[in-house]
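As structure tokens, the structure follows; a few thoughts come after it.
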Amino acid sequence: MFHYPRAAGFMPAAAYDHLVTTDRAGVVVVGAGIAGVACATELARAGIPVRLRERARVTGGRMASKRFDGRPADLGAAYFTVDDPDFAAVVDRWRAAGLAREWTDTLAAYGPGGREQVTGPMRWAAPRGLRSLVEHLAGDLPVTHNRLVMTVEPGPRADGAEAEAVVLAMPGPQAALLLDPALAEATRAVAAQRWSSALTGVLHFPARRWADFRGAFVNDHPVLSLVCDDGDRRGDGAPVLVAHTTAGFAARHLLQPTAAREAIEQAVRDLLGLPEPALSTHVHRWTYATPAAHAGDATFHLDDDGIGLAGDAFGRPRVQTAWRSGRDLGRALAARLG
Numbered sequence: 001m002f003h004y005p006r007a008a009g010f011m012p013a014a015a016y017d018h019l020v021t022t023d024r025a026g027v028v029v030v031g032a033g034i035a036g037v038a039c040a041t042e043l044a045r046a047g048i049p050v051r052l053r054e055r056a057r058v059t060g061g062r063m064a065s066k067r068f069d070g071r072p073a074d075l076g077a078a079y080f081t082v083d084d085p086d087f088a089a090v091v092d093r094w095r096a097a098g099l100a101r102e103w104t105d106t107l108a109a110y111g112p113g114g115r116e117q118v119t120g121p122m123r124w125a126a127p128r129g130l131r132s133l134v135e136h137l138a139g140d141l142p143v144t145h146n147r148l149v150m151t152v153e154p155g156p157r158a159d160g161a162e163a164e165a166v167v168l169a170m171p172g173p174q175a176a177l178l179l180d181p182a183l184a185e186a187t188r189a190v191a192a193q194r195w196s197s198a199l200t201g202v203l204h205f206p207a208r209r210w211a212d213f214r215g216a217f218v219n220d221h222p223v224l225s226l227v228c229d230d231g232d233r234r235g236d237g238a239p240v241l242v243a244h245t246t247a248g249f250a251a252r253h254l255l256q257p258t259a260a261r262e263a264i265e266q267a268v269r270d271l272l273g274l275p276e277p278a279l280s281t282h283v284h285r286w287t288y289a290t291p292a293a294h295a296g297d298a299t300f301h302l303d304d305d306g307i308g309l310a311g312d313a314f315g316r317p318r319v320q321t322a323w324r325s326g327r328d329l330g331r332a333l334a335a336r337l338g
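In structure tokens, the structure reads:
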């Protein structure tokens with residue numbers, strides 16, 4: 001894990017150690033993406049003991065980054081936008097720490113009619129990878145990595161251990177695998193979620209042979225939905241493109257995503273008119289990449305069984321939505337348990 005300056009308002013490690021060694025059962029948060037970390041942070045600030053469990057070896061969730069030849073590339077979210085004042089304060093801390101930068105408010109759009117420019121909100125990027133932002137937000141939270149939680153039962157109990165509440169900060173279909181059907185409200189809530197899949201391709205080329213475009217939405221394409229100039233996004237000018245596929249294309253390759261490598265590379269080369277093949281293409285599978293549009297005003301789920309659900313399924317599929325969902329759930333739990 002990277003080590004960055006601690007943001008203002010974060011608790012020192014010793015304080016967290018005190019919180020988790022009290023006699024209270026506390027809250028188990030499963031999933032150390034931005035929603036889970038935001039929830040755990042609010043609980044710790046309120047003095048509620050919290051245990052954060054993550055099945056992967058690193059923090060970040062779908063704000064995932066992977067290093068290729070020492071250089072990070074984002075595999076999940078492509079960027080984030082900001083219009084919530086509270087989230088803007090978090091982003092200001094990331095920017096002050098050198099972790100976030102304004103990237104662009106203009107992207108290209110390819111469609112049957114050709115290419116056009118589309119202006120929208122400012123997109124933000126992370127020079128060290130979006131995962132670095134979640135790590136910074138976590139501060140000194142006690143996170144147990146490589147910890148796969150198998151069951152959440154009435155009580156509530158997580159893998160047989162008593163808790164005052166259990167938070168599942170993950171896509172609904174993954175949460176459904178953990179929930180005892182006796183937890184009826186949470187089971188209904190996760191069953192109502194609908195998710196689409198995607199593949200992400202990281203393509204390293206011999207040189208930058210494409211015209212400036214920063215990033216491009218690709219409409220009505222059989223393979224591609226979004227392509228980003230990662231050298232521009234990262235700010236180092238590297239000849240790296242990151243391509244995100246359509247849900248339909250991904251669904252046909254979930255069992256063997258590496259088999260999609262050639263088709264993704266050819267689609268990118270055809271789209272941008274690139275004469276040379278990529279030196280390497282890495283494909284990452286996201287079985288649950290993007291939630292369907294959320295109906296309703298709730299930013300999280302919390303029931304009388306003590307089960308909480310958080311993530312970007314509770315609103316527009318954005319990084320900010322996931323952060324707000326976790327933050328709001330953490331505050332609601334702190335008010336209930338404090």
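The sequence shown: position 88 = 88 (UniProt numbering), numbered continuously. Just so you know, even glycine gets a beta-carbon here, dropped at the ideal spot from N, CA and C.
Residue environment, residue i, which counts as buried when at least 16 other CB atoms sit within 10 Å
i	result
Arg-93	buried
Met-150	exposed
Thr-41	buried
Thr-119	exposed
Ala-13	In this prediction, Ala-13 scores a pLDDT of 37, lower than 50, which makes its location untrustworthy; the coordinate-derived value is nonetheless stated afterwards. Ala-13 is exposed by the Cβ-count criterion.
Thr-21	The predicted position of Thr-21 is uncertain, since its pLDDT is 46 and thus under 50; a value taken from the coordinates is nonetheless stated next. Exposed.
residue 424	The structure shown does not extend to residue 424, since the chain is modelled only from 1 through 338, so no value can be given for it.
Gly-330	buried
Thr-281	buried
Glu-164	buried
Ala-88	exposed
Phe-2	With a pLDDT of only 28 at Phe-2, under the threshold of 50, the placement of this residue in the model should not be trusted, and no figure is reported.
Phe-314	buried
Gly-273	exposed
Gly-113	exposed
Arg-269	buried
Pro-49	buried
Leu-255	exposed
Asp-327	For clarity, residue 327 is Arg in the given sequence; the question names Asp instead. With 16 or more Cβ atoms within 10 Å of its Cβ, Arg-327 is classed as buried.
Same chain, Cβ closer than 6 Å to residue i, neighbours up to 5 away in sequence not counted
i	result
residue 360	There is no way to answer for residue 360, as the model of the chain reaches only from 1 to 338.
Phe-205	Pro-239 and Ala-278
Gly-248	none
Glu-153	Asp-180
Val-28	Arg-51, Ala-158, Ala-163 and Val-166
Met-122	Glu-102 and Asp-105
Gly-76	Arg-62, Met-63 and Ala-64
Trp-323	Ile-34, Ala-38 and Phe-87
Paired residues, beta bridge with residue i - DSSP
i	result
Tyr-110	Arg-115 and Val-218
Arg-55	DSSP, once it has assigned bridges, lists no residue as partnering Arg-55.
Val-152	Ala-158 and Leu-179
Asp-74	Ser-65
Phe-87	DSSP output for Phe-87 lists no bridge partner at all.
Arg-123	Thr-104
Thr-144	Arg-53
Ala-165	Val-27
Gly-60	Gly-33
Contact under 7 Å by Cβ, residue i with residue j
i	j	result
Phe-185	Asp-297	According to the sequence provided, residue 185 is Glu. The question's Phe does not apply to it. No, the pair does not count as a contact, with Cβ atoms beyond the cut-off.
Leu-241	Leu-203	yes
Gly-308	Ser-325	no
Ala-125	Ser-132	no
Ala-243	Gly-201	yes
Val-134	Ile-34	yes
Ala-198	Ala-332	no
Val-190	Ala-176	yes
Ala-46	Ala-334	yes
Trp-195	Pro-291	yes
Val-223	Ala-250	no
Gly-129	Ser-65	yes
Arg-285	Pro-257	yes
Ala-138	Thr-59	yes
Val-218	Tyr-110	yes
Residues near residue i by beta carbon distance below 7 Å, same chain, minus five either side
i	result
Gly-31	Glu-54, Gly-61, Leu-168, Ala-169 and Met-170
Arg-57	His-145 and Asn-146
Phe-213	Ala-108 and Asp-229
Gly-98	none
Arg-159	Per the sequence shown, residue 159 should be read as Asp rather than Arg. Contacts found: Val-149, Met-150 and Thr-151.
Tyr-16	In this prediction, Tyr-16 has a pLDDT of 43, which is less than 50 and means its spatial position is unreliable; what the coordinates show is noted afterwards. Once the five neighbours on either side are set aside, the close Cβ partners of Tyr-16 are Ala-44, Asp-140, Leu-141 and Pro-142.
His-253	Leu-199, Ala-259 and Ala-260
Beta-carbon proximity list for residue i, same chain, < 8 Å, skipping 5 on both sides
i	result
Ala-207	Pro-239 and Glu-276
Gly-231	Arg-208, Gly-237, Ala-238, Pro-239 and Val-240
Jot down the residue ranges of each uninterrupted beta strand (DSSP E) in the region 192-251, minimum 3 residues, whole runs only, in chain order. 195-204, 215-218, 224-229 and 240-245
Can you list, in chain order, the stretches of the alpha helix (DSSP H) that have 4 or more residues and sit fully within the region 247-324? 247-251 and 261-272
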